[in-house]
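Participant: Read in order, the letters of the sequence shown are residues 2 to 205 in the working numbering.
Pasting in a structure now, in structure tokens, and then I'll have a few things to ask.
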Amino acid sequence: MKLIYQTHSPYARKVLVFAHEAGLAGRLRVIHHETSPINRNDDVFAINPLGKVPVLVLNDGYAIFDSGVICDYLDNLESSRLIPETGRAKWSALRLQALAGGMCDIGISIRWENERRPEHLRYPALSEGMMMKLIESYDFVEREVEFDAPLHVGHIALATCLSWLEFRGLPDFLQGRPRLEQWFRSFVERPSMRDTLYDGDTQD
Ligand SMILES: N[C@@H](CCC(=O)N[C@@H](CS)C(=O)NCC(=O)O)C(=O)O
């Protein structure tokens, strides 16, 4: 299978860390692509009309997106399940995955407002509103996440998201959040994280 990837995408890294943790990384050919809504990548559009990565291309050419669906697909290939099948464990894992995805979306919005958009088109009130959502999310994570539950997709999504926020210099999430700090510092030492460090910059 081919994983259409990006070395600085938190959504793509979530999939790759998931594959490492599921013992499937060896079955993926990882191919880096640059994407931006203002810099069309025809190869990506050929397999995803949204022009976004990650995309998993199966051996028969069928393309699967987005990152959550790819993780679900991979989870169904293996018996070592990282998405709990039923009950509160399942909803907690999927809810955390959704929160982490939303936090990445917010981080990207903040970067548009603060760096990517031409200066005369920036709107500080939007950036401030997005910052507020990020801080609310950090506090929710500190309060609510069961860090000691068996490893699941939500943990992977959160770690890859936080690591990206740190990589991009977005607001600190460790200060004053001791449960999160202890978990995150240990999680980034996992081989799956150490083998997939972020690199590069967005090409707009
Ligand atoms: N919800 C999607 C988000 C994917 C996404 O936004 N990927 C970014 C890279 S970090 C992208 O390719 N952006 C290009 C664009 O917005 O046109 C997922 O989870 O896979």
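Here a beta-carbon is modelled for each residue, glycine too, at the ideal position from N, C-alpha and C.
I need the boundaries of the alpha helix (DSSP H) containing I32, first residue and last residue.
Facilitator: Not the alpha helix (DSSP H): I32 falls in the beta strand (DSSP E), residues 30 to 33.
Participant: Tell me the rounded alpha-carbon separation between A158 and M132.
Facilitator: 19 Å
Participant: Check whether the segment 46 to 65 and the segment 77 to 90 touch, using three or more Cβ-Cβ pairs below 8 Å as the test.
Facilitator: No, the segment 46 to 65 is not in contact with the segment 77 to 90.
Participant: Using DSSP with H/G/I as helix, E/B as strand and the rest coil, what is Y6?
Facilitator: Strand at Y6.
Participant: Under the criterion of a Cβ to heavy atom distance below 7 Å, does P119 qualify as lining ligand 1?
Facilitator: no
Participant: Alpha carbon to alpha carbon, how far is W165 from P11?
Facilitator: 6 Å
Participant: Out of curiosity, what's the CA-to-CA distance linking E147 and H121?
Facilitator: 43 Å
Participant: Count the other CB atoms within 10 Å of the CB of F141; is the residue buried (16 or more) or exposed (fewer)?
Facilitator: exposed
Participant: If we cut at 8 Å on Cβ distances, does R169 have a partner in chain C?
Facilitator: Here there is only one protein chain, and chain C is not present.
Participant: Below 8 Å CB to CB, which residues in the same chain sit around R117 once its five sequence neighbours on both sides are set aside?
Facilitator: T203, D205
Participant: Is it the case that the CB of F19 approaches a heavy atom of ligand 1 more closely than 7 Å?
Facilitator: no
Participant: For E167, which option in S93, L29, K53, Y139 has the closest C-alpha, if you only look at C-alpha atoms?
Facilitator: Y139
Participant: In this structure, does DSSP put I65 in helix, strand or coil?
Facilitator: Residue state, collapsed to three classes: strand.
Participant: What does a CB cutoff of less than 7 Å around N40 pick up in its chain, not counting 5 residues either side in sequence?
Facilitator: Q204, D205
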